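All remarks here apply to the structure that follows.
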């Protein structure tokens with residue numbers, strides 16, 4: 001099974017990297033960019049029998065290694 | 001409009017960061033992780049009148065700054 005994990009900073013956490021990208025885009029001539037937040041994206045190939053098992057495994061991996069639950073939240077999508 | 005941009009290395013490009021994460025997960029006791037690829041994820045708030053305009057703007061931003069088209073590909077999702 002394939003799982004996609006999207007990790008983003010929690011909304012209350014300041015994202016200086018996103019802010020820098022936003023300012024760079026303004027400098028490049030795109031004033032219509034109102035906000036940018038950068039996150040991480042993981043594509044996982046998992047040896048799991050069902051979509052539910054793959055989702056549970058991906059959540060465990062995100063909790064243990066892929067995300068820092070103190071400042072980050074994550075979202076999981078599972079596909080075949 | 002909100003746009004999400006997912007940037008990943010092209011399949012033919014070796015991803016040492018993903019490989020390192022995969023090995024770390026094996027060491028942590030998850031042998032069922034067959035492959036990991038890491039990418040970047042951007043959430044953009046765009047000042048665009050329609051979903052089509054937001055998608056076109058996000059693609060332009062991805063081509064110019066967010067992705068390196070030589071080694072990376074990207075995918076865009078637009079929401080309200």
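Protein chains in written order, with my numbering: chain P, 1 to 80; chain H, 1 to 80.
The beta carbon of each residue, even a glycine, is placed where N, CA and C say it ideally should be.
None of these values were measured; they are calculated from a predicted model.
DSSP three-state call for residue i: helix, strand or coil?
| i | result |
| --- | --- |
| residue 32 (chain H) | coil |
| residue 67 (chain P) | coil |
| residue 3 (chain P) | strand |
| residue 82 (chain P) | For chain P, the structure presents residues 1 to 80; residue 82 (chain P) sits outside this window and is missing. |
| residue 19 (chain H) | helix |
Would residue i and residue j qualify as a contact pair, given that the criterion is a beta-carbon distance under 7 Å?
| i | j | result |
| --- | --- | --- |
| residue 45 (chain H) | residue 17 (chain P) | no |
| residue 32 (chain H) | residue 63 (chain P) | no |
| residue 50 (chain H) | residue 2 (chain H) | no |
| residue 41 (chain P) | residue 41 (chain H) | yes |
| residue 43 (chain P) | residue 55 (chain H) | no |
| residue 76 (chain H) | residue 58 (chain H) | yes |
Just to confirm my understanding: we take residue i, look at its own chain, exclude 5 residues before and 5 after, and list those with CB closer than 7 Å. What are they?
| i | result |
| --- | --- |
| residue 72 (chain H) | 7, 8, 9 and 10 |
| residue 69 (chain H) | 63 |
| residue 15 (chain P) | 9, 37 and 38 |
Measure the C-alpha to C-alpha separation of residue i and residue j and round it to an integer number of angstroms.
| i | j | result |
| --- | --- | --- |
| residue 13 (chain H) | residue 29 (chain P) | 31 Å |
| residue 5 (chain H) | residue 27 (chain H) | 31 Å |
| residue 23 (chain P) | residue 39 (chain P) | 17 Å |
| residue 65 (chain P) | residue 60 (chain H) | 33 Å |
| residue 19 (chain P) | residue 25 (chain H) | 32 Å |
| residue 21 (chain P) | residue 21 (chain H) | 26 Å |
Between which residues of its own chain and residue i is the CB-CB distance below 6 Å, once the five residues before and five after are set aside?
| i | result |
| --- | --- |
| residue 67 (chain H) | 7 and 74 |
Any heavy atom of the ligand SAH inside 6 Å of the beta-carbon of residue i?
| i | result |
| --- | --- |
| residue 9 (chain H) | Judged by which ligands are present, the structure shown has none, so any question about the ligand SAH falls away. |
Could you work out which residues of chain C lie near residue i, taking near to mean beta carbons separated by less than 9 Å?
| i | result |
| --- | --- |
| residue 23 (chain H) | Here chain C cannot be found, since the structure's protein chains are P and H. |
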